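For reference, the structure discussed in these notes is given below.
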Amino acid sequence: MSQATLNRPLSHAEMDAFGTELDALRARTMAQVGAEDARYIRRIVAAVRYTEAAGRALLFFGAFPPAWVLGTLLLGLSKILENMELGHNVMHGQYDWMRDPHLNGKTYEWDIVGTSDNWRHTHNYKHHTYTNVRGMDDDIGYGLLRLFPEQRWRPFYLFQPLIAVIFALLFQWGVAIQRLELGKVFSGRKTKAQLREEFRPVGRKMGWQLLKDYVLFPLLAGPFFLPVLLGNLVANGMRNLWTYAVIFCGHFTADAETFPKSVVLNESRGHWYLRQLRGSSNLSGGKLLHIMTGNLSHQIEHHLYPDMPARRYAQVAPEVRAICERYGQNYNTGSMWSQFGQVVWRILRHALPSRPGKTAALVAPAAEAA
Amino acid sequence: MSPAPNRLLRAAVAAPVFDFWSRQFGSIQAWDRCLARVVARREEARGAVTLTLQPNRRFAGFTPGQHLNLTAEVEGVRLTRSYSFTQPPRTDGRLRLTIKRVENGRLSNALCELRPGAVVELGEAYGEMSLPQGPGRYLFLAAGSGITPLMALSLALEQNPQAEATLVYWAQRRDELCFAEELRELAARQPRLRLHFALTREPLRLAGEFGRRIDTALLDEVAPDLPALQVFACGPRGFVEDARRLTQERALRFHGEAFTPPEAVAGGAPVRVQLLRSGQTLEVPAGAPLLAALEAQGLRPASGCRMGLCNTCACRLVEGVGQNLNNGETVAEPGSELRICISAARSDLTLDL
Chain A
1 MSQATLNRPL
11 SHAEMDAFGT
21 ELDALRARTM
31 AQVGAEDARY
41 IRRIVAAVRY
51 TEAAGRALLF
61 FGAFPPAWVL
71 GTLLLGLSKI
81 LENMELGHNV
91 MHGQYDWMRD
101 PHLNGKTYEW
111 DIVGTSDNWR
121 HTHNYKHHTY
131 TNVRGMDDDI
141 GYGLLRLFPE
151 QRWRPFYLFQ
161 PLIAVIFALL
171 FQWGVAIQRL
181 ELGKVFSGRK
191 TKAQLREEFR
201 PVGRKMGWQL
211 LKDYVLFPLL
221 AGPFFLPVLL
231 GNLVANGMRN
241 LWTYAVIFCG
251 HFTADAETFP
261 KSVVLNESRG
271 HWYLRQLRGS
281 SNLSGGKLLH
291 IMTGNLSHQI
301 EHHLYPDMPA
311 RRYAQVAPEV
321 RAICERYGQN
331 YNTGSMWSQF
341 GQVVWRILRH
351 ALPSRPGKTA
361 ALVAPAAEAA
Chain B
371 MSPAPNRLLR
381 AAVAAPVFDF
391 WSRQFGSIQA
401 WDRCLARVVA
411 RREEARGAVT
421 LTLQPNRRFA
431 GFTPGQHLNL
441 TAEVEGVRLT
451 RSYSFTQPPR
461 TDGRLRLTIK
471 RVENGRLSNA
481 LCELRPGAVV
491 ELGEAYGEMS
501 LPQGPGRYLF
511 LAAGSGITPL
521 MALSLALEQN
531 PQAEATLVYW
541 AQRRDELCFA
551 EELRELAARQ
561 PRLRLHFALT
571 REPLRLAGEF
581 GRRIDTALLD
591 EVAPDLPALQ
601 VFACGPRGFV
611 EDARRLTQER
621 ALRFHGEAFT
631 PPEAVAGGAP
641 VRVQLLRSGQ
651 TLEVPAGAPL
661 LAALEAQGLR
671 PASGCRMGLC
681 NTCACRLVEG
691 VGQNLNNGET
701 VAEPGSELRI
711 CISAARSDLT
721 LDL
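Here the protein sequences come in this chain order: A and B.
If you're matching positions, the first sequence starts at 1 in this note's numbering and goes up one per residue.
If you're matching positions, the second sequence starts at 371 in this note's numbering and goes up one per residue.
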């Protein structure tokens with residue numbers, strides 16, 4: 001089905017009603033948030049800590065292959081849980097209502113080479129406010145990949161199938177340097193001195209993460225230095241691949257749309273909701289998938305309600321879907337295989353020159369003229 | 371611990387990780403927070419419970435008459451209220467707090483249900499009411515839970531041989547009197563403390579008990595030498611105001627402490643916003659979005675989406691009443707995060723900004 005027929009442009013009145021319904025759903029759900037959610041996130045914290053301890057302990061016996069494999073898997077699992085269900089969600093302020101200083105959105109620091117402060121800027125602010133707006137949301141291709149035909153083609157993109165794989169393997173480093181906007185340095189819009197200044201906290205975090213995973217813990221293992229180092233490397237890699245896959249599925253599936261900068265001018269709440277919906281895509285699956293993706297399997301719900309405790313997304317999803325149906329909007333969801341397949345196709349297809357297809361406008365033309 | 375390993379440990383372990391494993395192993399040691407374990411609980415009077423707490427090494431001490439902010443989790447949410455120490459510092463380092471049940475008092479009622487083993491968090495001790503070493507004559511006026519700091523001060527008389535005091539303690543009924551036995555014993559062995567109970571709703575009075583609220587005649591009877599006395603009054607606001615009215619002009623000095631729940635003011639009224647990190651105090655209109663109001667005065671607090679979504683402008687409410695303008699909800703709980711782009715002040719505010 002072409003994108004143009006998936007969605008119906010909404011009149012301004014419809015858009016307002018759409019926003020009001022989503023606001024009401026939010027209010028209803030937030031009123032239920034409490035002890036149960038607190039218990040849940042504490043259990044996630046415990047799971048992160050115990051899997052990390054078990055993984056690192058097993059890696060100390062990493063000369064014994066089954067211990068190495070299990071230890072690496074557990075450590076990778078711990079890092080995935082920490083980055084996604086704990087860190088990402090806590091940094092959105094989803095658990096600020098608990099007033100726990102260790103679960104505070106503004107101060108939480110996660111186990112990844114990128115600083116939380118830069119993430120809060122590029123992700124919480126830029127990506128979530130200007131989702132899929134070209135030139136404002138740097139998550140569109142991360143300045144490396146051409147995923148949408150609206151991005152101007154350059155010969156460089158012919159290499160992107162290879163670049164995409166390297167980027168996936170090193171994803172945490174991409175996240176770490178995203179805010180430095182190196183492209184600006186190359187094009188002369190940012191001075192070297194400015195870059196040095198901005199790099200200082202980033203370099204400190206990188207150094208610390210490297211020291212922890214590749215010096216400190218390997219040294220603690222004494223003669224088993226190498227197995228521990230390799231285990232940590234693979235665990236970090238596992239996390240990189242998984243987070244990359246999940247995040248790309250969230251905004252770069254076949255039916256996900258991007259928008260020109262003009263959409264954010266005087267944007268109404270309903271329009272903002274509609275744009276979040278059109279730019280996001282879900283992964284269908286069971287509870288395990290939801291937890292392992294930090295509930296980004298509910299990317300649509302996350303973009304509508306970024307500060308709602310993520311475990312509530314599964315609960316609101318049927319209602320969001322019903323609202324979308326009532327307003328003639330596509331609820332973009334599919335299995336991980338299908339959605340990731342579409343992402344891979346985009347990476348391959350748009351490596352070559354391509355032209356934008358037809359998409360339905362957000363606002364109905366008649367209403368716009370009025 | 372010697373500095374070098376300590377530094378290495380500090381670099382290698384993050385506070386949340388240290389605190390997690392510390393609690394898992396049943397310890398109350400924490401990276402940079404003062405946790406305390408409840409080691410004893412006693413029904414002090416009808417509707418009041420005394421807790422004995424063992425704090426960790428982070429506790430910095432206090433003087434009698436001070437209070438502290440106590441934080442505990444109630445149904446997943448951390449709540450913070452101020453409570454007074456009811457005993458001077460002990461040699462074993464333990465702390466005694468007495469908590470009165472309050473209607474709709476979420477934290478107080480939960481604290482009254484705590485059992486030994488429970489863990490709470492403590493802030494720093496604060497408060498101006500204290501008994502300096504040296505000669506001094508005092509009149510302690512306590513009503514209801516206002517007895518708590520004055521109990522600590524009464525006990526502190528024992529270590530202060532040149533001070534003497536008269537304590538008048540009001541309650542509605544006899545079974546609501548906290549420390550009744552302890553106070554009687556103290557007064558019996560310590561002639562420098564004179565003790566009077568006053569019960570306003572008790573049908574039968576015992577010898578020596580007053581049966582009415584504070585008034586001039588009562589004060590003349592217990593403190594004929596009022597001009598030579600320093601008056602400390604503690605209790606509900608109405609009581610402290612009455613005490614102030616009756617004694618401030620006549621006594622040597624008056625110091626009152628009342629529990630005043632924060633109150634919201636009407637929109638448009640000017641309120642003061644104190645910004646702790648930047649050390650500034652500004653006046654803004656109540657009910658107006660704080661971010662815009664601060665920007666209008668030349669400040670540039672961190673901000674992002676300006677629609678209450680990205681959390682960039684969130685800052686901690688230390689004291690006062692705020693309001694979320696998106697849903698109209700009042701926010702008065704200390705420690706709450708206010709997204710100032712969609713929040714307004716509804717009273718004088720202190721923000722960690």
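Note that beta-carbon positions come from the ideal geometry of N, C-alpha and C, so glycine has one too.
Quick caveat, the model's predicted, so the values are computed rather than measured.
For residue i, return the contacting residues in chain A, with the cut-off set at a CB-CB distance below 7 Å.
{"i": "L661 of chain B", "result": "The premise fails here: L661 of chain B is roughly 14 Å from chain A at the closest Cβ pair, so nothing lies under 7 Å."}
State buried or exposed for residue i, treating a residue as buried only when at least 16 other CB atoms are found within 10 Å of its CB.
{"i": "W345 of chain A", "result": "exposed"}
{"i": "W337 of chain A", "result": "exposed"}
{"i": "I347 of chain A", "result": "buried"}
{"i": "K358 of chain A", "result": "exposed"}
{"i": "A351 of chain A", "result": "buried"}
{"i": "Y496 of chain B", "result": "exposed"}
{"i": "G93 of chain A", "result": "buried"}
{"i": "S452 of chain B", "result": "exposed"}
{"i": "Q276 of chain A", "result": "buried"}
{"i": "T420 of chain B", "result": "buried"}
{"i": "A663 of chain B", "result": "buried"}
Counting only beta-carbon separations shorter than 7 Å, does residue i have a partner in chain A?
{"i": "P671 of chain B", "result": "no"}
{"i": "E445 of chain B", "result": "yes"}
{"i": "G698 of chain B", "result": "no"}
{"i": "C675 of chain B", "result": "yes"}
Taking C-beta to C-beta, are residue i and residue j nearer than 7 Å?
{"i": "L525 of chain B", "j": "Q424 of chain B", "result": "no"}
{"i": "T682 of chain B", "j": "A672 of chain B", "result": "yes"}
{"i": "A598 of chain B", "j": "R507 of chain B", "result": "yes"}
{"i": "V592 of chain B", "j": "H566 of chain B", "result": "yes"}
{"i": "T422 of chain B", "j": "R460 of chain B", "result": "no"}
{"i": "H251 of chain A", "j": "N83 of chain A", "result": "no"}
{"i": "A245 of chain A", "j": "F167 of chain A", "result": "no"}
{"i": "V48 of chain A", "j": "L74 of chain A", "result": "no"}
{"i": "T437 of chain A", "j": "C675 of chain B", "result": "In this structure chain A extends from 1 to 370, so residue 437 of chain A is not present and cannot be described."}
{"i": "G19 of chain A", "j": "R321 of chain A", "result": "no"}
{"i": "Q178 of chain A", "j": "V113 of chain A", "result": "no"}
{"i": "A35 of chain A", "j": "E445 of chain B", "result": "yes"}
{"i": "A628 of chain B", "j": "V654 of chain B", "result": "no"}
{"i": "C685 of chain B", "j": "D722 of chain B", "result": "yes"}
{"i": "T468 of chain B", "j": "C404 of chain B", "result": "no"}
Give me the chain B residues within the contact set of residue i, using Cβ-Cβ distance strictly less than 9 Å, ordered along the chain.
{"i": "H102 of chain A", "result": "A385, P386, D389 and F390"}
{"i": "A376 of chain A", "result": "Here chain A comprises residues numbered 1 to 370, so residue 376 of chain A is not present and cannot be evaluated."}
{"i": "V45 of chain A", "result": "P386 and F390"}
Please determine, among the options, the residue with the shortest C-alpha to C-alpha distance to residue i.
{"i": "N89 of chain A", "options": "A:K205, A:I112, A:N124 and A:S78", "result": "A:N124"}
{"i": "Y305 of chain A", "options": "A:R28, A:G341 and A:L10", "result": "A:R28"}
{"i": "L145 of chain A", "options": "A:D137, A:P161, A:M136 and A:G135", "result": "A:P161"}
{"i": "K470 of chain B", "options": "B:S500, B:E413 and B:F432", "result": "B:E413"}
{"i": "A603 of chain B", "options": "B:A512, B:I710 and B:W391", "result": "B:A512"}
{"i": "H302 of chain A", "options": "A:S281, A:V363, A:A38 and A:Y40", "result": "A:S281"}
{"i": "G637 of chain B", "options": "B:P631, B:G698 and B:A415", "result": "B:G698"}
{"i": "L229 of chain A", "options": "A:S78, A:A235 and A:P218", "result": "A:P218"}
Comparing the C-beta of residue i with each C-beta of chain B, is any distance below 7 Å?
{"i": "G334 of chain A", "result": "no"}
{"i": "H251 of chain A", "result": "no"}
{"i": "L86 of chain A", "result": "no"}
{"i": "G34 of chain A", "result": "yes"}
{"i": "H271 of chain A", "result": "no"}
{"i": "H128 of chain A", "result": "yes"}
{"i": "R49 of chain A", "result": "yes"}
{"i": "A67 of chain A", "result": "no"}
Along chain B, in chain order, which residues have C-beta atoms closer than 7 Å to that of residue i?
{"i": "W119 of chain A", "result": "Those do not exist, as W119 of chain A stays about 12 Å from chain B at its closest Cβ, beyond 7 Å."}
Name, please, each residue of chain A whose Cβ falls closer than 9 Å to the Cβ of residue i.
{"i": "T682 of chain B", "result": "K106, R120, H121, N124 and Y125"}
{"i": "E707 of chain B", "result": "G93, D96, W97, R99, N104, G105 and K106"}
Strictly below 8 Å CB to CB, what residues from chain A border residue i?
{"i": "R448 of chain B", "result": "M98, R99 and D100"}
{"i": "E689 of chain B", "result": "Residues of chain A passing the Cβ test: none, with the nearest at roughly 14 Å."}
{"i": "L679 of chain B", "result": "H128, T129, P306 and D307"}
In chain B, which residues lie less than 8 Å from residue i when you measure between Cβ atoms?
{"i": "E109 of chain A", "result": "A384"}
{"i": "A38 of chain A", "result": "E443, E445, G446 and V447"}
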